[in-house]
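What follows is one structure encoded as structure tokens, with my remarks underneath.
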Amino acid sequence: MDTLVQPAPTLSAPERARALQPLLDRHGAEMDRRRDLTPEVVDALIGQDMLRLLLPRSLGGQELPLLDFCRTVEDIAWADASTAWFVNQSNVSSATSAAAMPPETAATLFGDPGVGLAWGARNGASRAIRVEGGYRLSGTWSFASGGRHTTWIGAHSAVQNPDGTPHHRYGRPDDRSFVFKRSEAKIVDDWFVLGLRGTGSDTYTVEDLFIPDAQAPARDALEERREPGPIYTIMSTLLYASGFCSVTLGVARRMLEAYVDLARGKHSRASINAMSANNAVQREIALLEARLSAARAYLYAEVAQVYDAAANGTLDVDRRMRLRLATTYGMNEATEVSTAAYRAAGTTAILDSAPFERRFRDAMSASQHLQAMMGHVEMVGRHILGVENKLQNL
């Protein structure tokens, strides 16, 4: 069994993430096979305090600046995309939920460094009935990344009155996030997918489950935000987007490095020259490096600007739009780099023993996420043009 690396107080979060890379490399194929993180990896994440990166300091969390969080996720993704996907998903979900809960409830739910929070995608097939002291929640949700080893699971739902009419709060329809124990849900083992297999993102169901008020935050309602830090002003959607973009950048970096290593030592059967002596290969590697570095620099510049604006109270729609564009653009650019590296590797790329095949599947699966969809880019384009626009996912 791998020895758990204990975090040193002097190590930054990205440094702790890099310390995990050898372990993640060793366990990557097994996590892909079992469709879940291995116990050794889960223990190592907890040992390096990777599940409280964004949690408020008032609750014992690290409350990292967003740029440090992105670097941490990217470094984990370089070694294993599924682990990084879970780290992003759990941290954003826990932190934004805790920031909108009563402090004593948040401390009870998230104070332990090993609890984690899995989250299913929003859908229209759920029901949350407002009752005295809380809600009665019913529904089925999918894509609960990391839910096989978290203590808590969350779900989104619009709220109804007992008569079935929409419940309103703050002058608008009430929409909430509900947090409950994993043991209270019925879990369906249905995560049979192309890539990101290690996330174990199963489907789950609850029926008429009572959720107390304190565990049903409106995470992105400023009226309920109890933490003043800039992370919680940015709010959940752009936090998720920044982290998932960082996952794709980390995967693409590893794919490009694998391409470079291959080119240094391989002769193509279609050419009399070594790959490293091929002008086309030289050109492609340089251009891929430029594309990936540019996408990363763009993301990091906008992340820093948004964080600073949130800290000084000037975060507006324009700045949010810029980060939305950077995250969507970055995910798509990273996907293109991963695809090019895979294709350039030839038949080597399809071998389980080579570093391409699993990571290519992970890259393709990440590219299908909502955060990478071009509809976001179109929304930003409408904003730039000043035409009629529906603001969403900001």
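Take the sequence shown: its position 127, counting from 1, is numbered 340 in my numbering, and each next residue is one higher.
Using N, Cα and C, we set each Cβ at its ideal position, and we do this for glycine too.
Give the straight-line distance between the Cα atoms of residue i and residue j, rounded to the nearest whole angstrom.
i, j, result
"residue 333", "residue 587", "22 angstroms"
"residue 634", "residue 368", "One cannot answer for residue 634 here, as it falls past the ends of the chain, which runs 214 to 607."
"residue 562", "residue 568", "7 angstroms"
"residue 392", "residue 516", "28 angstroms"
"residue 397", "residue 336", "20 angstroms"
"residue 292", "residue 298", "12 angstroms"
"residue 557", "residue 283", "28 angstroms"
"residue 316", "residue 231", "32 angstroms"
"residue 395", "residue 509", "36 angstroms"
"residue 341", "residue 378", "11 angstroms"
"residue 581", "residue 555", "18 angstroms"
"residue 534", "residue 524", "17 angstroms"
"residue 537", "residue 589", "7 angstroms"
"residue 290", "residue 422", "35 angstroms"
Confirm, please, whether the CB-CB distance from residue j to residue i is below 8 angstroms.
i, j, result
"residue 453", "residue 584", "yes"
"residue 607", "residue 451", "yes"
"residue 449", "residue 593", "no"
"residue 300", "residue 350", "no"
"residue 325", "residue 227", "no"
"residue 268", "residue 323", "yes"
"residue 244", "residue 254", "yes"
"residue 444", "residue 519", "no"
"residue 364", "residue 328", "yes"
"residue 356", "residue 414", "yes"
"residue 409", "residue 579", "yes"
"residue 504", "residue 470", "no"
Quick one: grab the DSSP three-state call for residue i.
i, result
"residue 404", "coil"
"residue 420", "strand"
"residue 373", "strand"
"residue 353", "strand"
"residue 278", "coil"
"residue 220", "Bear in mind that the predicted position of residue 220 carries a pLDDT of just 46, short of 50, making it unreliable; the figure below should be weighed with that in mind. DSSP places residue 220 in coil when its eight states are reduced to three."
"residue 269", "coil"
"residue 346", "coil"
"residue 429", "coil"
"residue 388", "strand"
"residue 582", "coil"
"residue 326", "coil"
"residue 299", "helix"
"residue 393", "strand"
Which whole-angstrom value is the C-beta distance of residue i and residue j, which I expect to be below 8 angstroms?
i, j, result
"residue 544", "residue 461", "5 angstroms"
"residue 309", "residue 354", "That belief does not hold up - the Cβ atoms of residue 309 and residue 354 are roughly 17 angstroms apart, past 8 angstroms."
"residue 295", "residue 250", "7 angstroms"
"residue 359", "residue 331", "5 angstroms"
"residue 488", "residue 476", "4 angstroms"
Check whether the Cβ of residue i lies closer than 8 angstroms to any Cβ atom in chain D.
i, result
"residue 261", "The chain inventory of the structure shown lacks chain D, comprising one protein chain alone."
Fill in: contact_flag[the segment 438 to 445, the segment 357 to 373] where n(CB pairs < 8 angstroms) is 3 or more
no
Worksheet entry | Given 8 angstroms, three or more beta-carbon pairs between the segment 420 to 438 and the segment 334 to 348 | yes
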